[in-house]
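**Q**
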Amino acid sequence: MWHSHEYEVKSGVLFLPGVPGPVERKDLEKVAKHGKTIHFWQVDRDDELSLGLPQVTMALTRDSNST
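Here it is in structure tokens:
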């Protein structure tokens, strides 16, 4: 399931927590072209720990109001 993460990187949705800016940008440039990412938990739920069963998540490819 390798795929482009260009939209996720450019929109700022995909980031590397705790990684210094210049290093993060260099790594994200690589993965934006073609790669895999691992989502450890749904951070938008505001859980302090990863709760629930592991699951495959969808990649963002455009703004939600786009057609």
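According to our numbering, the sequence shown is numbered sequentially starting from 886.
We put the CB at the ideal spot given by N, CA and C, even for glycine.
Our contact map puts His-890 next to Ala-917 with C-beta atoms below 8 Å; I'd like the distance itself, whole angstroms only.
**A** Along the sequence shown, read from residue 1 onward, the residue named residue 890 stands at position 5. Along the sequence shown, read from residue 1 onward, the residue named residue 917 stands at position 32. Indeed they touch by this definition, with Cβ atoms about 5 Å apart.
**Q** CA-CA distance, Arg-910 and Pro-939?
**A** One-based indexing of the sequence shown puts residue 910 at position 25. One-based indexing of the sequence shown puts residue 939 at position 54. Between Arg-910 and Pro-939, the C-alpha separation is close to 28 Å.
**Q** Hey, quick one: how far does the alpha helix (DSSP H) through Val-916 stretch, first residue to last?
**A** Mapped onto the sequence shown, residue 916 falls at position 31. Segment 906-918, the alpha helix (DSSP H) holding Val-916.
**Q** Do Val-898 and Leu-913 come within 7 Å of each other at the CB atom, strictly closer than that value?
**A** Taking the sequence shown and counting its residues from 1, the one referred to as residue 913 is at position 28. Taking the sequence shown and counting its residues from 1, the one referred to as residue 898 is at position 13. No, the pair does not count as a contact, with Cβ atoms beyond the cut-off.
**Q** Using DSSP's beta-bridge definition, name the partner residues of His-888.
**A** The residue given as residue 888 occupies position 3 in the sequence shown. Partner(s): Gly-920.
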